[in-house]
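A.B. asks: Here's a structure for you.
There are 2 protein chains.
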Amino acid sequence: MTTLSNRAGGRVRRATMSDVARLAGVSIKTVSRVVNDEPGVHVDTAERVLAAIERLGFRRNVGALNLRRGSSTGTIGLVLEDVANPFYSGLTRAVEEVARGYGRQVLTGSSDEDAGRERELALEFCARRVDGLIVVPAGLRHGYLMPEIASGTPVVFVDRPPGDVLADTVLVDNIEGASAAVVHLAAHGHRRVAFLGDAPDIFTATERLRGFREGCAKAGIPYEERFVAMGPHTEASVAATLRRILGGRHPATALLTGNNRITVHVLRAIAGIRRRPALVGFDDFELADLLDPPVSVVALDPGTLGKSAAELLFARLDGDTTPPRRIVLPVRLVPRGSGEVGP
Amino acid sequence: MTTLSNRAGGRVRRATMSDVARLAGVSIKTVSRVVNDEPGVHVDTAERVLAAIERLGFRRNVGALNLRRGSSTGTIGLVLEDVANPFYSGLTRAVEEVARGYGRQVLTGSSDEDAGRERELALEFCARRVDGLIVVPAGLRHGYLMPEIASGTPVVFVDRPPGDVLADTVLVDNIEGASAAVVHLAAHGHRRVAFLGDAPDIFTATERLRGFREGCAKAGIPYEERFVAMGPHTEASVAATLRRILGGRHPATALLTGNNRITVHVLRAIAGIRRRPALVGFDDFELADLLDPPVSVVALDPGTLGKSAAELLFARLDGDTTPPRRIVLPVRLVPRGSGEVGP
DNA sequence: TCGCGTCCTGACAACCTTGTCGGTGGTGAT
DNA sequence: ATCACCACCGACAAGGTTGTCAGGACGCGA
Numbered sequence: 001m002t003t004l005s006n007r008a009g010g011r012v013r014r015a016t017m018s019d020v021a022r023l024a025g026v027s028i029k030t031v032s033r034v035v036n037d038e039p040g041v042h043v044d045t046a047e048r049v050l051a052a053i054e055r056l057g058f059r060r061n062v063g064a065l066n067l068r069r070g071s072s073t074g075t076i077g078l079v080l081e082d083v084a085n086p087f088y089s090g091l092t093r094a095v096e097e098v099a100r101g102y103g104r105q106v107l108t109g110s111s112d113e114d115a116g117r118e119r120e121l122a123l124e125f126c127a128r129r130v131d132g133l134i135v136v137p138a139g140l141r142h143g144y145l146m147p148e149i150a151s152g153t154p155v156v157f158v159d160r161p162p163g164d165v166l167a168d169t170v171l172v173d174n175i176e177g178a179s180a181a182v183v184h185l186a187a188h189g190h191r192r193v194a195f196l197g198d199a200p201d202i203f204t205a206t207e208r209l210r211g212f213r214e215g216c217a218k219a220g221i222p223y224e225e226r227f228v229a230m231g232p233h234t235e236a237s238v239a240a241t242l243r244r245i246l247g248g249r250h251p252a253t254a255l256l257t258g259n260n261r262i263t264v265h266v267l268r269a270i271a272g273i274r275r276r277p278a279l280v281g282f283d284d285f286e287l288a289d290l291l292d293p294p295v296s297v298v299a300l301d302p303g304t305l306g307k308s309a310a311e312l313l314f315a316r317l318d319g320d321t322t323p324p325r326r327i328v329l330p331v332r333l334v335p336r337g338s339g340e341v342g343p
Numbered sequence: 001m002t003t004l005s006n007r008a009g010g011r012v013r014r015a016t017m018s019d020v021a022r023l024a025g026v027s028i029k030t031v032s033r034v035v036n037d038e039p040g041v042h043v044d045t046a047e048r049v050l051a052a053i054e055r056l057g058f059r060r061n062v063g064a065l066n067l068r069r070g071s072s073t074g075t076i077g078l079v080l081e082d083v084a085n086p087f088y089s090g091l092t093r094a095v096e097e098v099a100r101g102y103g104r105q106v107l108t109g110s111s112d113e114d115a116g117r118e119r120e121l122a123l124e125f126c127a128r129r130v131d132g133l134i135v136v137p138a139g140l141r142h143g144y145l146m147p148e149i150a151s152g153t154p155v156v157f158v159d160r161p162p163g164d165v166l167a168d169t170v171l172v173d174n175i176e177g178a179s180a181a182v183v184h185l186a187a188h189g190h191r192r193v194a195f196l197g198d199a200p201d202i203f204t205a206t207e208r209l210r211g212f213r214e215g216c217a218k219a220g221i222p223y224e225e226r227f228v229a230m231g232p233h234t235e236a237s238v239a240a241t242l243r244r245i246l247g248g249r250h251p252a253t254a255l256l257t258g259n260n261r262i263t264v265h266v267l268r269a270i271a272g273i274r275r276r277p278a279l280v281g282f283d284d285f286e287l288a289d290l291l292d293p294p295v296s297v298v299a300l301d302p303g304t305l306g307k308s309a310a311e312l313l314f315a316r317l318d319g320d321t322t323p324p325r326r327i328v329l330p331v332r333l334v335p336r337g338s339g340e341v342g343p
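Okay, structure coming up:
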């Protein structure tokens, strides 16, 4: 058992190749050769160098390496809304996995749906010269990334498209998903369906609202303004909305929720009430199948989203210079029961 | 709408201070002064420099900055088991938040419970000269971090203690938590309680097993080997285990699960069966309160864990040189119903 | 002996930025 | 006219690493 702490306090200068060279009695360049497994070093010399490296606990300074080589820093940046949201943590993991295959580390940051913070994070990552950037946009304008992309840093936008620029984007079929959900509910007899969506300045929110509307049209049920409640939502606001929507003379009998957060809020709000509305939630979530009734969802695997984005990014890094692509991943309606209850 | 893509293909050299200086007709140093808001630059000159910066899309190379300044890279590393696990993503978010307060970026990596990968990630981060490291150990030996800590990089271990070294550690009270859970179950009449834990080489797993044992003793119920099933667990292995434990002449009537993954597996496995065992799960999880019956848990907030670890880390960075600390956070038994059903 | 090739090694510059220090030109006081 | 002072600016080195190039030692054939 060794005490692993530097009781001296202040940071100590780390050993450099220069130190190793001095100790081994060779030149810096020879140390470099050994560290990089370059040929042309006598085995005895190499051994001395390795011993010195071991003794000094030398570890190559990757920062200096990057500066010298100038090509790749071996990092990519990932800006998303909130890692703690299971949707984004799944996405993060997928990105990490792909990055690992390409020998890259991942810098992550949560924007909390704040455009300024998104920008701050993205530019900070760029200043660190990440090899590429994956961004879940919080803001609507991304011109600030112009110089970055112009100088060869590929950027891929995920889940939402960028504003005022054209770049690689991976989306999901929000419209089709929401529409299918409404059709599903209508097929089970519902004619008064409500939509609880995220803030209208969020791309996915308005897209899903559009899908909701299209679904109503397709299913031949009325689209009613009073049944649409866009966010931002909190647990309290969702509860209040539900009181309004589910009360009165002609209440909604079914709900479509715009993302996993809202779905959870709704579930909590309707847990106690006697006559629960039918429900379909956008985004799948763990345990949805174990609730009573099991929650039907429009599922889109965050892992697939992350993987697609990362692979697109690395394709760019590998030299793909085709025009910016827009990938739209399909969603899947997963009927589990909560959408099948009649009005 | 501008096309944000570098169709030229290969990476273009980014503008440097030298380029800015040339364009503005000043020396590099003057550019540096402007960029760093140093005094002693005529306002007209500064304006010319700023214009050049804007024009060239110049962004200071943080790598070079770090090399030159030598002090801090403004990053910390976080090695955990799996970001996609809600427990760790909550922890990640908390760490990120604290780091943000200290102006640091976070490098994250998932070890997947693989000691080699943990080591690889940690050393990679150190090579990038992170200012500090937060590690959820996967392996049992951490001597490899000796040189890092010796040279002043503080390391904080979270959730599990390090092996063969002494360093700052933030844990939760696993023993007390498991013990309290058993006592709780016994108080509701259960005398045959089973424990489904993680792999025995994981610290928290054996600690919780110990707590389970102590709980049995404290509650005056028998501790039976046949009711203990340590992992690693998969959905299938959990199901098989349950068939064994819940079958036969004297089956277990209550379960304690060792972490949120196992709890979910159990929930899925017992969803269909007629006579469900009582259940208490270690780790809280979203929607636990909405299941039927609501799942009682031993709760420990991953955010608190992450926050404590990060704050400890930054205290070290701020010069705290007191001996390594071991913080044990309390857990809280949250009775929700699943632990209250009788045998 | 010389010339030549091979193997091993080191000096030096460069990557981009900043700290140090010295220089220039102008202003005001003597 | 001289000097001190100030505001502004630039040359240079350094930080840790690697690519380029050149040099020394040695062996071998002529």
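If you're matching them up, the sequences are chains A and B in order. Quick note: the first sequence, position 183, residue 183 per the working numbering, numbers continuous. Quick note: the second sequence, position 316, residue 316 per the working numbering, numbers continuous. Backbone N, C-alpha and C fix where the C-beta goes; we use that ideal spot for every residue, glycine too.
When you compare the CB of ASN259 (chain B) with every CB in chain A, is at least one pair closer than 8 Å?
C.D. replies: In the second sequence, the residue the question calls residue 259 (chain B) occupies position 259. Taking Cβ atoms only, chain A never reaches closer than 8 Å to ASN259 (chain B), which makes this a no.
A.B. asks: If the cut is a Cβ gap below 8 Å, which residues of chain A does ARG336 (chain B) touch?
C.D. replies: Counting from 1 along the second sequence, the entry for residue 336 (chain B) is found at position 336. Correct list: empty, because the minimum Cβ distance to chain A is about 12 Å.
A.B. asks: Hey, quick one: how far does the alpha helix (DSSP H) through VAL238 (chain A) stretch, first residue to last?
C.D. replies: Sequence index remark: in the first sequence, residue 238 (chain A) carries index 238 (1-based). Per DSSP, VAL238 (chain A) belongs to the alpha helix (DSSP H) from 235-246.
A.B. asks: Assign ALA51 (chain B) to one of two classes, buried (16 or more other C-beta atoms within 10 Å of its C-beta) or exposed (fewer than that).
C.D. replies: Counting from 1 along the second sequence, the entry for residue 51 (chain B) is found at position 51. By the neighbour-count rule (16 or more Cβ atoms within 10 Å), ALA51 (chain B) is not buried but exposed.
A.B. asks: Helix, strand or coil: how does DSSP classify ILE273 (chain A) here?
C.D. replies: For the purposes of this step, residue 273 (chain A) is identified with residue 273 of the first sequence, where counting begins at 1. Reduced to three states, the DSSP call for ILE273 (chain A) is coil.
A.B. asks: Take every Cβ of the stretch 258-276 of chain A, pair it with every Cβ of the stretch 299-308 of chain A, and state whether three or more of those distances are shorter than 8 Å.
C.D. replies: Result no; under three Cβ-Cβ pairs closer than 8 Å.
A.B. asks: What residues from chain B crowd round VAL12 (chain A), counting only those whose CB sits closer than 9 Å?
C.D. replies: Sequence index remark: in the first sequence, residue 12 (chain A) carries index 12 (1-based). Residues of chain B passing the Cβ test: ALA150, SER151 and GLY152.
A.B. asks: What's the call for VAL328 (chain B), buried or exposed, on a 16-neighbour Cβ count within 10 Å?
C.D. replies: Locating residue 328 (chain B) in the second sequence gives position 328, counting from the first residue. Looking at its Cβ environment, which holds fewer than 16 other Cβ atoms inside 10 Å, VAL328 (chain B) is exposed.
A.B. asks: ASN36 (chain B) touches chain A at which residues, Cβ-Cβ below 8 Å?
C.D. replies: Stepping through the second sequence from its first residue, residue 36 (chain B) is reached at position 36. Those do not exist, as ASN36 (chain B) stays about 13 Å from chain A at its closest Cβ, beyond 8 Å.
A.B. asks: Got a sec? Which residues, its chain only, sit under 8 Å from ILE175 (chain B) by beta carbon, not counting five neighbours each side?
C.D. replies: Mapped onto the second sequence, residue 175 (chain B) falls at position 175. Excluding residues within five positions, the ones whose Cβ falls inside 8 Å are GLU207, ARG208, ARG210, GLY211 and GLU214.
A.B. asks: Counting only beta-carbon separations shorter than 8 Å, does ARG276 (chain A) have a partner in chain B?
C.D. replies: Locating residue 276 (chain A) in the first sequence gives position 276, counting from the first residue. It does not; no Cβ of chain B falls within 8 Å.
A.B. asks: Is there a Cβ of chain A sitting closer than 8 Å to that of ARG69 (chain B), yes or no?
C.D. replies: Walking along the second sequence from the start, residue 69 (chain B) turns up at place 69. Cβ-Cβ to chain A under 8 Å: no for ARG69 (chain B).
A.B. asks: Residues of chain B with CB closer than 9 Å to the CB of ASP292 (chain A), please, in chain order.
C.D. replies: Residue 292 (chain A) sits at position 292 when you count from the first residue of the first sequence. Near ASP292 (chain A) (Cβ distances below 9 Å), the residues of chain B are LEU290, LEU291 and ASP292.
A.B. asks: By how many angstroms is the C-alpha of VAL106 (chain A) removed from the C-alpha of SER111 (chain B)?
C.D. replies: On the second sequence, residue 111 (chain B) is found 111 positions in, with the first residue counted as 1. On the first sequence, residue 106 (chain A) is found 106 positions in, with the first residue counted as 1. The alpha-carbon atoms of SER111 (chain B) and VAL106 (chain A) are separated by roughly 13 Å.
A.B. asks: Considering VAL62 (chain B), what are the terminal residues of the beta strand (DSSP E) in which it resides?
C.D. replies: As a working mapping, residue 62 (chain B) is identified with position 62 in the second sequence. Counting along the chain, VAL62 (chain B) falls outside any beta strand (DSSP E), though it belongs to the alpha helix (DSSP H) covering 62-69.
A.B. asks: At 3 residues or longer, what runs of the beta strand (DSSP E) sit wholly inside the stretch 93-140 of chain B?
C.D. replies: With a minimum length of 3 residues, the continuous beta strand (DSSP E) runs that stay inside the stretch 93-140 of chain B are 105-110 and 132-135.
A.B. asks: How big is the Cα-Cα spacing for VAL49 (chain B) and THR108 (chain A)?
C.D. replies: One-based indexing of the second sequence puts residue 49 (chain B) at position 49. One-based indexing of the first sequence puts residue 108 (chain A) at position 108. Spanning the two alpha carbons is a distance of roughly 32 Å.
A.B. asks: Check this for me: beta carbons of PHE196 (chain B) and THR241 (chain B), under 8 Å apart or not?
C.D. replies: Locating residue 196 (chain B) in the second sequence gives position 196, where the first residue counts as 1. Locating residue 241 (chain B) in the second sequence gives position 241, where the first residue counts as 1. Correcting the residue type first, residue 196 (chain B) is Leu in the shown sequence and not Phe. Yes, they are a contact pair.
A.B. asks: Would you kindly work out how many angstroms separate the C-alpha atoms of SER32 (chain B) and ALA94 (chain B), rounded to a whole number?
C.D. replies: The residue given as residue 32 (chain B) occupies position 32 in the second sequence. The residue given as residue 94 (chain B) occupies position 94 in the second sequence. Each residue's Cα considered, the two are about 35 Å apart.
A.B. asks: Just curious, the alpha helix (DSSP H) that LEU279 (chain A) is in, first and last residue?
C.D. replies: Along the first sequence, one-based indexing puts residue 279 (chain A) at 279. LEU279 (chain A) -> not in any alpha helix (DSSP H); beta strand (DSSP E) instead, spanning 278-282.
A.B. asks: Cβ of THR92 (chain A) less than 8 Å from any chain B Cβ?
C.D. replies: Within the first sequence, residue 92 (chain A) is the residue found at index 92, counting from 1. For THR92 (chain A), the answer is yes, since a Cβ of chain B falls inside 8 Å of its Cβ.
A.B. asks: Is there a Cβ from chain B that is less than 8 Å from the Cβ of THR206 (chain A)?
C.D. replies: Start at 1 with the first residue of the first sequence, and residue 206 (chain A) comes out as number 206. For THR206 (chain A), the answer is no, since every Cβ of chain B falls outside 8 Å of its Cβ.
A.B. asks: Any beta-carbon of chain A closer than 8 Å to the one on GLY9 (chain B)?
C.D. replies: Here residue 9 (chain B) refers to the residue found at position 9 when the second sequence is read from its first residue. Residue confidence for GLY9 (chain B) is low, a pLDDT of 43 falling below 50, so the modelled location carries little weight and cannot support an answer.
A.B. asks: Under a three-way DSSP split, which group does ILE149 (chain B) fall into?
C.D. replies: Taking the first residue of the second sequence as 1, we reach residue 149 (chain B) at position 149. It is helical.
A.B. asks: Can ARG243 (chain A) be considered in contact with the ligand SAM, in the sense that its beta carbon sits closer than 7 Å to one or more heavy atoms?
C.D. replies: Among the components modelled here there is no ligand, and therefore nothing to report on the ligand SAM.
A.B. asks: For chain B, is any of its Cβ atoms less than 8 Å away from the one on PRO161 (chain A)?
C.D. replies: Sequence index remark: in the first sequence, residue 161 (chain A) carries index 161 (1-based). No, its Cβ sits nowhere closer than 8 Å to a Cβ of chain B.
A.B. asks: Counting pairs of Cβ atoms below 8 Å between the stretch 217-224 of chain A and the stretch 172-188 of chain A, do you hit three or more?
C.D. replies: Yes: the two stretches touch, three or more of their Cβ pairs being nearer than 8 Å.
A.B. asks: For SER110 (chain A), would you say it is in contact with chain B, using Cβ-to-Cβ distances shorter than 8 Å as the test?
C.D. replies: Stepping through the first sequence from its first residue, residue 110 (chain A) is reached at position 110. Yes - at least one Cβ of chain B is within 8 Å of the one on SER110 (chain A).
A.B. asks: Answer yes or no: do GLY163 (chain B) and LEU140 (chain B) have a C-beta to C-beta separation smaller than 8 Å?
C.D. replies: Position 163 of the second sequence, counting from 1, holds the residue named residue 163 (chain B). Position 140 of the second sequence, counting from 1, holds the residue named residue 140 (chain B). Closer than 8 Å, so yes.
A.B. asks: Hey, out of B:ARG192, B:SER27 and B:LEU23, whose CA is closest to GLY248 (chain B)'s CA?
C.D. replies: One-based indexing of the second sequence puts residue 248 (chain B) at position 248. That would be B:ARG192, whose Cα lies nearest to the Cα of GLY248 (chain B).
A.B. asks: Exposed or buried, what is PRO222 (chain B) when buried is set at 16 or more other beta-carbons lying within 10 Å of its beta-carbon?
C.D. replies: In the second sequence, residue 222 (chain B) corresponds to position 222, counting from 1. PRO222 (chain B) is exposed by the Cβ-count criterion.
A.B. asks: Tell me which same chain residues have a C-beta within less than 7 Å of the C-beta of GLY40 (chain A), skipping the five on either side of it?
C.D. replies: In the first sequence, residue 40 (chain A) corresponds to position 40, counting from 1. Excluding positions up to five away in sequence, the list reads ARG33.
A.B. asks: For chain B, is any of its Cβ atoms less than 8 Å away from the one on GLY63 (chain A)?
C.D. replies: Here residue 63 (chain A) corresponds to residue number 63 of the first sequence, with the count starting at 1. At least one chain B Cβ lies under 8 Å of GLY63 (chain A).
A.B. asks: If you drop the 5 nearest sequence neighbours on each side, which residues of the same chain put their C-beta closer than 6 Å to that of PRO343 (chain B)?
C.D. replies: Position 343 of the second sequence, counting from 1, holds the residue named residue 343 (chain B). These residues qualify, in order along the chain: GLY189, HIS190 and THR253.
A.B. asks: If you drop the 5 nearest sequence neighbours on each side, which residues of the same chain put their C-beta closer than 6 Å to that of HIS142 (chain A)?
C.D. replies: Stepping through the first sequence from its first residue, residue 142 (chain A) is reached at position 142. Result list for HIS142 (chain A): PRO162, GLY163 and VAL165, in chain order.
A.B. asks: Starting from VAL264 (chain B), find everything on chain A with Cβ-Cβ shorter than 9 Å and list it in chain order.
C.D. replies: To locate residue 264 (chain B), count along the second sequence from 1; it is residue 264. Residues of chain A passing the Cβ test: GLU286, LEU287 and LEU290.
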